[in-house]
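**Student:** Before I ask anything, here is the structure I am working with.
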Amino acid sequence: LKMLGEKLCGPGVSSQSTITWDQFSKEATASSPKNNSFSFWTWIDGILLLIQEHLLQLWGKRLIMGFVTRKNEQRLLKRKRAGTFLLRFSESISSGGITFTWVDFKNDGSPEFQSVEPYTRKELECLSLPDIIRDYQLFANEVVPENPLLYLYPDTPRDEALGSYYKERQKVSTTEQRKYLNRRLIRVSTQPGETQMTDVNELLPISKELVADELQN
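Counting from 1, position 102 in the sequence shown corresponds to residue 102 in UniProt numbering; the numbering is continuous, with no gaps.
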């Protein structure tokens with residue numbers, strides 16, 4: 001609720017804060033991207049549609065953290081073991097989007113947070129979120145890819161949390177699968193609000209089947 005309040009009223013929100021109908025339904029939210037402003041109603045309506053059409057079971061089982069700011073997700077993840085991830089709704093997509101962020105640790109023990117570009121309703125019509133998470137792979141520097149998503153926050157093994165929602169893998173073309181699995185990686189700075197986009201050719205999420213196809217070609 002605090003995150004929703006800050007999105008409506010800004011960081012100074014309190015239990016006494018109020019808003020007008022125009023602020024709720026027409027004016028850009030306090031945290032809207034400068035180049036893509038939209039109202040709170042537009043944003044929340046997009047998320048409700050996303051849940052209703054593609055995420056209802058996961059939401060009902062409380063597997064989606066949902067409404068959490070980037071600053072708070074870092075606070076939640078930094079004390080967890082490497083590979084812990086959470087699912088949250090995008091703040092920058094007006095039509096509704098969901099992304100996952102996970103934590104890893106550098107050699108000096110400091111946490112490093114990484115996210116991917118959000119998935120929208122259009123993409124989730126082709127691949128379900130549990131299947132995307134199951135097949136997510138990082139492929140970099142000719143290294144054999146691995147799935148970095150190991151534990152759904154707070155500490156449930158990925159397959160234990162999501163396994164009952166996996167669908168049987170279907171044979172699809174490499175091109176079609178790349179279209180929905182490839183995601184530009186976002187390295188999230190430990191400083192709130194800072195992100196760094198990794199070149200799509202350097203680091204791609206990619207399924208094991210796609211890796212096999214690449215090695216054969």
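Backbone N, C-alpha and C define an ideal beta-carbon position, used for all residues, glycine too.
Could you pull the DSSP bridge partners for R88 from this structure?
**Tutor:** Its beta-bridge partners are G66, T99.
**Student:** To the nearest whole angstrom, what separates the beta carbons of F38 and S90, a pair I think is in contact under 8 Å?
**Tutor:** Incorrect: roughly 12 Å between the Cβ atoms, too far for contact.
**Student:** Which two residues bound the contiguous alpha helix (DSSP H) that contains E112?
**Tutor:** From DSSP, E112 is part of no alpha helix (DSSP H) but of the beta strand (DSSP E) over 111-116.
**Student:** DSSP on P157, reduced to helix/strand/coil?
**Tutor:** Note: P157 maps to strand in three-state DSSP.
**Student:** For F40, which of helix, strand or coil comes out of DSSP?
**Tutor:** DSSP places F40 in helix when its eight states are reduced to three.
**Student:** If you compare alpha carbons, which of E160, E168, R70 is closest to F113?
**Tutor:** Cα-wise, what sits closest to F113 is R70.
**Student:** At what residues does the alpha helix (DSSP H) containing K122 begin and finish?
**Tutor:** Start and end: 121-124.
**Student:** May I ask you to report which of helix, strand or coil DSSP gives E73?
**Tutor:** Helix.
**Student:** Less than 9 Å between the C-beta atoms of T42 and D155, yes or no?
**Tutor:** In this structure, D155 does not lie closer than 9 Å to T42 by Cβ.
**Student:** Please report the Cβ distance between P118 and L162, rounded to the nearest whole angstrom; I am assuming they are in contact, meaning their Cβ atoms lie under 8 Å.
**Tutor:** Actually they do not touch by this definition, with Cβ atoms about 18 Å apart.
**Student:** Just grab the DSSP bridge partners of E146 for me.
**Tutor:** For E146, which the question treats as bridged, DSSP gives the partners L138.
**Student:** Between the C-alpha atoms of E168 and D135, what's the straight-line distance to the nearest angstrom?
**Tutor:** Approximately 12 Å, taken between the alpha carbons.
**Student:** Assign E73 to buried or exposed, taking buried as 16 or more other Cβ atoms, counted over all protein chains shown, within 10 Å of its Cβ.
**Tutor:** Answer is buried; the Cβ neighbour count reaches 16.
**Student:** Mark F100 as exposed unless 16 or more other C-beta atoms lie within 10 angstroms of its C-beta, in which case mark it buried.
**Tutor:** Answer is buried; the Cβ neighbour count reaches 16.
**Student:** Going by other Cβ atoms of all chains shown within 10 Å of its Cβ, with 16 needed for buried, is F40 buried or exposed?
**Tutor:** Answer is buried; the Cβ neighbour count reaches 16.
**Student:** Indicate the three-state DSSP secondary structure (helix, strand or coil) for D22 in the structure shown.
**Tutor:** Correct three-state label for D22: helix.
**Student:** Looking only at its own chain, which residues have a Cβ that is under 7 Å from the Cβ of E53, when we skip the five neighbours before and after it?
**Tutor:** If we look at E53 and ignore the five residues flanking it on each side, its Cβ neighbours are R121.
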